[in-house]
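Q: In case it helps, mature numbering (1 follows the signal peptide of the UniProt record, and there is no 0) puts the sequence shown at residues -27 to -1, 1 to 322.
All C-beta atoms in this analysis are idealised placements derived from N, C-alpha and C, irrespective of residue type, glycine included.
My questions will all concern the structure given below.
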Amino acid sequence: MPISSRFPRRSFLPAAALAISATLALAGCAAGENAPAGGASDNAAEAATLDIDFATYNPLSLVIKEKGWLEATLKDQGVTVNWVQSAGSNKANEALRSGAIDVGSTAGSAALLARANGSPIKTIDIYSQPEWSALVTGKDSDIDSVQDLKGKSVAATKGTDPYFFLVQSLDEAGLDTGDVTVQNLQHADGRAALDNGSVDAWAGLDPIMAGAEKEGAKLFYRNLDFNTYGFLNATESFLAEQPELAQTVVNAYEKARDWAADNPEETAQILADAAGLEPDVAKTVILERSNLDVDPAPGAKQRAVLEKIGPTFVEIGDVASQQQVDDALASLLDDSLVKAADPAAIKES
């Protein structure tokens, strides 16, 4: 799926005042803490911190980090940018829940799962519509179809899109997770287990999957409809306490989206450098399996995808009731920051 194959460039509504005023530093404690009852003046000397993740499965985060745009924009406001790498949606969700980050990158399925299980997060931007997951086996394997997985071992990272890709694929083939042995391994460890023969198949994730494919691994089952969107999520406390800072993050994402559309080759090189990939593998991820020019406003399309996968959470026991899923979906998506986004408000480093 090309980087800008289906969606026109966006036009944004005029933003409200976007500069972060001095009151941010006065009112805010370090990210993840609550302002004391004594009032903002008690913290006048304490600078704010933006704790934000970057991930190789979120190319826009890599562009923003590489370009230093957040640092340049927030420097005069006394805001420190602290980048934390997420190894997968499950790790981003853990960091959001613990308060280690204010903003984190996950698949849509993982965001809904977290919200349904009580994590107070909101999706504030859609960073991609990827085909980032498939079922993978070794080049010499005789596994050619999902049905061939019966009785086999499969590596997958629970709580992430590849895991839910596996669940949906098994269901489509008339199987379920009880028909296979799922080895719950982080994405990179799953690839390693496939390479060393510890598992028969792997529910893969790009860009790690693209690297494995380059070295001979077979993507024996692909289905775009089983991949959910790339969700940028923020904690509710961060959105309530530092709305101007949250707006700046979304502004930066929309600047990165425009930049990536104009510079696909350099975007691929940034990914290659960050993920340790060969340039041609990174180009496959960016140019063929990532749609970064997707409509960034969380809304009806994402809701429709998640409505299909939500019942799966209940069926496999990851969420106690469908009502929890429904309530989470009704409250997860927030398009207000995208609608007010102003990429021009982001400074060059």
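Among the residues of its own chain, which have a CB less than 6 Å from the CB of L197, if the five just before and after it don't count?
A: Once the five neighbours on either side are set aside, the close Cβ partners of L197 are E104.
Q: In angstroms with no decimal places, state the Cα-to-Cα distance between E251 and L108.
A: Roughly 22 Å separates the two Cα atoms.
Q: Tell me where the alpha helix (DSSP H) around L212 begins and ends.
A: L212 -> alpha helix (DSSP H) spans E209 to E214.
Q: Tell me which residue opens and which closes the alpha helix (DSSP H) that residue 323 is part of.
A: Limits of the chain in this structure are -27 at one end and 322 at the other, which puts residue 323 out of reach.
Q: Kindly indicate which residue of N55, L218, E39 and V36 has the alpha-carbon position closest to the one of A318.
A: The option with the nearest alpha carbon to A318 is L218.
Q: Nearest CA to the CA of S62: which residue from D113, L205 and G184?
A: Comparing Cα-Cα distances from S62 to each of D113, L205 and G184, the minimum goes to L205.
Q: Considering only their Cβ atoms, is the gap separating G184 from G163 smaller than 9 Å?
A: Result no, Cβ atoms of G163 and G184 do not sit closer than 9 Å.
Q: Please classify N169: is it buried, with 16 or more other beta-carbons within 10 angstroms of its beta-carbon, or exposed?
A: By the neighbour-count rule (16 or more Cβ atoms within 10 Å), N169 is not buried but exposed.
Q: Are the Cβ atoms of I94 and N55 separated by less than 9 Å?
A: Taking 9 Å as the Cβ cut-off, I94 and N55 do not qualify as a contacting pair.
Q: Taking T154 as part of the beta strand (DSSP E), name the residues at either end of that continuous run.
A: Start and end: T154 to N157.
Q: So is the beta-carbon of V127 under 8 Å away from any non-hydrogen atom of the ligand PLP?
A: As presented, the structure is devoid of all ligands, the ligand PLP included, so that no description of it is given.
Q: Which word fits K112, buried or exposed, when buried means at least 16 other C-beta atoms lie within 10 angstroms of its C-beta?
A: Answer is exposed; the Cβ neighbour count stays below 16.
Q: Tell me whether the beta-carbon of A73 lies closer than 9 Å to the beta-carbon of D144.
A: Not closer than 9 Å, so no.
Q: Can the beta-carbon of A301 be found closer than 9 Å to that of R88?
A: Yes. Within cutoff.
Q: Residue range of the beta strand (DSSP E) that A176 falls in?
A: Run containing A176: A174 to L178, per the beta strand (DSSP E) assignment.
Q: Does DSSP classify D49 as helix, strand or coil?
A: Helix, per DSSP.
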